[in-house]
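Chains as they are written, first to last, in this note's numbering: chain A, 5 to 255; chain B, 215 to 651. Cβ coordinates follow ideal geometry from the N, Cα and C atoms, glycine included.
Encoded structure:
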């Protein structure tokens with residue numbers, strides 16, 4: 005699904021990603037963990053195509069297509085999705101109109117007609133039920149005055165509507181109470197199929213109890229320094245990151 | 215002969231032919247004398263520091279257009295808010311166009327300034343209100359001297375106008391360069407209400423220079439909502455002088471949508487003359503090319519317990535220039551005033567300019583007055599967010615522009631106007647989002 009080879013990236017002239025190699029196959033869930041400032045969010049933003057982040061080296065290959073040169077919106081239309089840690093407020097544009105625009109722009113780019121209103125409504129109803137979103141919520145201005153939990157739920161609702169091939173969840177668990185966490189992870193799990201893939205960025209093992217990863221990677225100082233199965237997350241929760249630093253020194 | 219001299223000599227040549235009451239004639243004769251003394255505003259005047267009329271004044275204008283053919287409604291329908299039922303008062307090159315208009319003398323008067331000036335039954339209203347609040351300035355005096363035509367709206371006591379009134383000034387440009395000076399008088403009686411929509415529209419690429427004066431009087435407990443749609447061609451310039459006097463317990467709002475024109479200057483002044491009056495001034499400016507829009511506002515609080523709210527948003531692209539000069543004046547006796555002013559701007563291009571100057575002059579000591587001004591760019595983080603959902607850059611920028619202008623549009627009470635403005639904005643940004651915002 006997604007192959008990353010020797011990815012280097014600068015933010016404001018400073019190198020943040022220093023050679024990342026990662027392969028995520030269809031049907032897999034990968035977790036990226038690591039201390040603050042290790043480059044987790046930068047990795048997600050670079051894959052999503054954020055302009056200010058300059059990719060200096062390496063390749064990002066989505067289903068055999070190198071996407072490094074594509075704009076963020078083009079990548080999105082090819083099936084890349086990023087659930088934001090801090091979703092942006094857009095006053096005056098309702099959740100429904102926003103998601104309709106996103107879907108229809110994608111269809112337009114694929115040479116398809118706009119989605120018929122009936123199908124759109126049906127899909128919105130189905131996906132909002134999945135995330136236990138009330139009808140009134142959908143006519144509110146996008147993210148304006150939303151609580152932290154509502155914002156994250158709305159992100160996953162958008163993911164459900166857009167049905168990306170490759171979804172990245174950037175600290176989707178932050179700011180969520182236990183009920184919201186359950187709803188959000190349940191949503192993600194239901195959306196998971198053998199044909200798509202998910203990359204979860206988190207500080208905490210907590211989320212991984214709900215969204216169970218096939219692989220866990222530890223990102224430190226712009227590199228993946230350790231990879232393992234889900235048990236690695238437990239070990240990190242218990243012992244922190246210091247033991248990895250020790251291991252690195254010995255090696 | 216320069217424009218000023220030409221105007222003065224034209225006045226004396228033509229004024230005698232006008233059929234107006236003696237009282238109006240006297241006002242006009244005085245006005246031309248005032249104009250002779252005051253002349254056009256100069257750049258060294260503080261209020262005209264960022265807006266120069268030099269280029270406009272260098273041209274030669276035809277002052278008295280002759281309209282030969284009537285306009286076909288089908289051709290100009292799109293400039294009307296035709297989705298709703300309204301009274302319409304339409305002028306073509308400054309001359310009343312009866313076939314495009316739908317006036318009334320039934321419960322309210324929505325008719326012509328010329329008939330108000332000529333008919334005895336309106337003499338008392340003219341005496342009471344004509345040329346009473348327009349401050350003495352060269353431009354106002356010039357308009358008064360040449361005042362021949364415009365809208366006259368009179369909403370009697372305890373009357374709610376049954377539909378909105380549209381005032382539309384078309385210019386055809388058949389006379390090559392044209393100068394027009396509409397003069398409107400609006401009287402909202404005690405406990406009366408009215409909604410007014412005003413538009414200036416050039417139908418040719420010939421230069422048009424409009425110097426418009428509108429005087430509005432709102433008596434006790436009256437309500438007025440005024441919407442100005444400024445979406446003219448790159449050859450059309452407008453100086454809109456609008457003055458509003460509010461008595462006690464009145465609510466008045468003016469929304470100004472400045473979406474096009476060569477040079478647009480809005481002199482918008484509110485004079486609160488009674489307690490518990492409430493004034494709202496809102497505007498969206500969205501221009502590009504070499505267009506120039508100047509909002510020069512004044513709210514004068516002369517009585518206690520009043521409110522004023524100003525919210526102007528501007529988005530400037532390419533080499534366009536914006537000016538916001540907002541003055542709030544609070545007299546010493548005007549305690550317990552709540553005055554709020556906000557001016558937010560986005561420069562969408564490195565070559566665009568905005569000059570923003572809030573001025574608060576407060577002589578009372580128990581007031582809540584605040585102002586804020588921002589100048590920035592469209593939020594890159596927000597653009598990335600929208601693009602990351604598959605929305606292309608152009609559409610993403612349009613959505614953020616809507617979001618930015620949203621709280622100005624939110625207070626528009628007539629749905630058809632809101633829709634029209636959204637459509638005009640979408641056209642300008644060259645997007646079709648497939649839904650009404």
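Can you give me the Cβ contacts of residue i inside the same chain, cut-off strictly under 7 Å, excluding the 5 residues immediately before and after it?
| i | result |
| --- | --- |
| residue 565 of chain B | 532, 533 |
| residue 238 of chain B | 331, 340, 344 |
| residue 137 of chain A | 157, 161 |
| residue 191 of chain A | 134, 135, 160, 164 |
| residue 234 of chain A | 212, 216, 217, 220 |
| residue 218 of chain B | 253, 254 |
| residue 53 of chain A | 74, 75, 76, 79 |
| residue 439 of chain B | 409, 467, 627 |
| residue 13 of chain A | 20, 21, 46, 50, 57, 58, 59, 60 |
| residue 487 of chain B | 459, 460, 461, 516, 517 |
When the Cα atoms are used, what is the spatial distance from residue i to residue j?
| i | j | result |
| --- | --- | --- |
| residue 254 of chain B | residue 353 of chain B | 6 Å |
| residue 405 of chain B | residue 375 of chain B | 11 Å |
| residue 46 of chain A | residue 450 of chain B | 49 Å |
| residue 130 of chain A | residue 123 of chain A | 10 Å |
| residue 6 of chain A | residue 594 of chain B | 26 Å |
| residue 592 of chain B | residue 241 of chain B | 50 Å |
| residue 391 of chain B | residue 236 of chain B | 32 Å |
| residue 113 of chain A | residue 378 of chain B | 43 Å |
| residue 166 of chain B | residue 370 of chain B | Limits of chain B in this structure are 215 at one end and 651 at the other, which puts residue 166 of chain B out of reach. |
| residue 150 of chain A | residue 464 of chain B | 36 Å |
| residue 88 of chain A | residue 31 of chain A | 22 Å |
| residue 512 of chain B | residue 261 of chain B | 11 Å |
| residue 181 of chain A | residue 552 of chain B | 41 Å |
| residue 184 of chain A | residue 154 of chain A | 8 Å |
Taking all protein chains shown into account, decide if residue i is buried (16 or more other Cβ within 10 angstroms of its Cβ) or exposed.
| i | result |
| --- | --- |
| residue 100 of chain A | buried |
| residue 539 of chain B | buried |
| residue 120 of chain A | exposed |
| residue 547 of chain B | exposed |
| residue 284 of chain B | exposed |
| residue 338 of chain B | exposed |
| residue 302 of chain B | buried |
| residue 243 of chain A | exposed |
| residue 177 of chain A | buried |
| residue 349 of chain B | exposed |
| residue 634 of chain B | buried |
| residue 497 of chain B | buried |
| residue 506 of chain B | buried |
Near residue i, which residues of its chain fall below 6 Å by C-beta distance, leaving aside the five closest residues on each side in sequence?
| i | result |
| --- | --- |
| residue 504 of chain B | 533 |
| residue 70 of chain A | 63 |
Starting from residue i and walking both ways along the beta strand (DSSP E), at which residues does that stretch end?
| i | result |
| --- | --- |
| residue 490 of chain B | From DSSP, residue 490 of chain B is part of no beta strand (DSSP E); its letter is neither H nor E. |
| residue 172 of chain A | 170–174 |
| residue 515 of chain B | 506–515 |
| residue 473 of chain B | 465–474 |
| residue 97 of chain A | 94–98 |
| residue 554 of chain B | 552–561 |
| residue 54 of chain A | Taken as a continuous stretch (DSSP letters only), residue 54 of chain A belongs to no beta strand (DSSP E), as it is neither H nor E. |
| residue 268 of chain B | Run containing residue 268 of chain B: none in the beta strand (DSSP E); it sits in the alpha helix (DSSP H), 268–271. |
Round the Cβ separation of residue i and residue j to the nearest angstrom and send it over; I've been treating them as touching at under 8 Å.
| i | j | result |
| --- | --- | --- |
| residue 452 of chain B | residue 470 of chain B | That belief does not hold up - the Cβ atoms of residue 452 of chain B and residue 470 of chain B are roughly 11 Å apart, past 8 Å. |
| residue 24 of chain A | residue 228 of chain A | 6 Å |
| residue 290 of chain B | residue 307 of chain B | With a Cβ gap of about 13 Å, residue 290 of chain B and residue 307 of chain B do not count as contacting. |
| residue 436 of chain B | residue 403 of chain B | 7 Å |
| residue 580 of chain B | residue 601 of chain B | Wrong, their Cβ atoms sit about 50 Å apart, outside the cutoff. |
| residue 202 of chain A | residue 171 of chain A | 5 Å |
| residue 508 of chain B | residue 264 of chain B | 7 Å |
| residue 485 of chain B | residue 458 of chain B | 7 Å |
| residue 599 of chain B | residue 84 of chain A | 14 Å between Cβ atoms; not a contact. |
Please list the terminal residues of the continuous alpha helix (DSSP H) segment that includes residue i.
| i | result |
| --- | --- |
| residue 236 of chain B | 236–252 |
| residue 615 of chain B | 607–624 |
| residue 633 of chain B | 629–642 |
| residue 161 of chain A | 152–166 |
| residue 540 of chain B | That residue, residue 540 of chain B, is in no alpha helix (DSSP H); its beta strand (DSSP E) goes 535–544. |
| residue 77 of chain A | 76–81 |
| residue 225 of chain B | 217–228 |
| residue 140 of chain A | 139–142 |
Leaving out five residues before and five after residue i in sequence, what residues of the same chain have Cβ atoms less than 8 Å from its Cβ?
| i | result |
| --- | --- |
| residue 39 of chain A | 224, 245 |
| residue 604 of chain B | none |
| residue 295 of chain B | 378, 380, 411, 628, 630, 631, 634 |
Can you tell me whether residue i sits near the ligand GTP, meaning its C-beta is under 7 Å from at least one heavy atom of the ligand?
| i | result |
| --- | --- |
| residue 29 of chain A | As presented, the structure is devoid of all ligands, the ligand GTP included, so that no description of it is given. |
Exercise. Name the residues in the segment 605–619 of chain B whose C-beta lies less than 9 Å from a C-beta of chain D; which are they?
Worked result: Of the protein chains in this structure, namely A and B, none is chain D.
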